[in-house]
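Take a look at the structure below.
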Amino acid sequence: MVDRWMNQTDAVIPDIPVYSLNGQLNVGVVSDIGLPFTVKIGSAWKGLDVELSLRYAQWLGKKLVWTDIPFGSLLPLLVSGKINMISASMMIREERKKQIDFSDPYY
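Numbering (my numbering), first residue to last: 41 to 147.
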């Protein structure tokens, strides 16, 4: 995935089957971060964070539901439980680690 989004200028998300056996995963995303991470073109989402989120939802057996949110609102909505996960390039800082669990850094 890193090679696809960091090195290929014409990258497309592969077909990732959607399973919704275990409910839905509400993911907060910022649509204007831009490629290679996240962009929304028309109704289609594209980028490394998008593909990673789709693969994670598939692994959980959940339907992914996107919520496009301004960056400054991501943490409050996650902490309040309005979204289950953030899919955005975010610096891991000690103060943020006190509020939320981060994935392992992947870029």
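Glycine residues also receive a C-beta, built at the ideal position from the N, C-alpha and C atoms. Model, not experiment: these values are computed from the prediction.
Item: Under 6 Å Cβ to Cβ from methionine 125, same chain only, skipping five residues before and after it: list those, please.; Value: Val67
Item: Assess, as a yes-or-no matter, whether the stretch 104-111 is touched by the stretch 63-79 under the definition of 3 or more beta carbon pairs within less than 8 Å.; Value: yes
Item: Kindly indicate which residue of Tyr96, Ile81, Arg95, Phe77 has the alpha-carbon position closest to the one of glycine 87.; Value: Phe77
Item: Hey, quick one: how far does the alpha helix (DSSP H) through aspartate 89 stretch, first residue to last?; Value: 88-100
Item: Using only CA atoms, which one of Glu135, Ser93, Gly101, Met130 lies nearest to proline 110?; Value: Met130
Item: To the nearest angstrom, how far is the alpha carbon of proline 116 from that of serine 143?; Value: 18 Å
Item: Going straight from the alpha carbon of leucine 100 to that of valine 90, what length do you get?; Value: 15 Å
Item: Considering only DSSP beta bridges, list what alanine 84 is partnered with.; Value: Ile81
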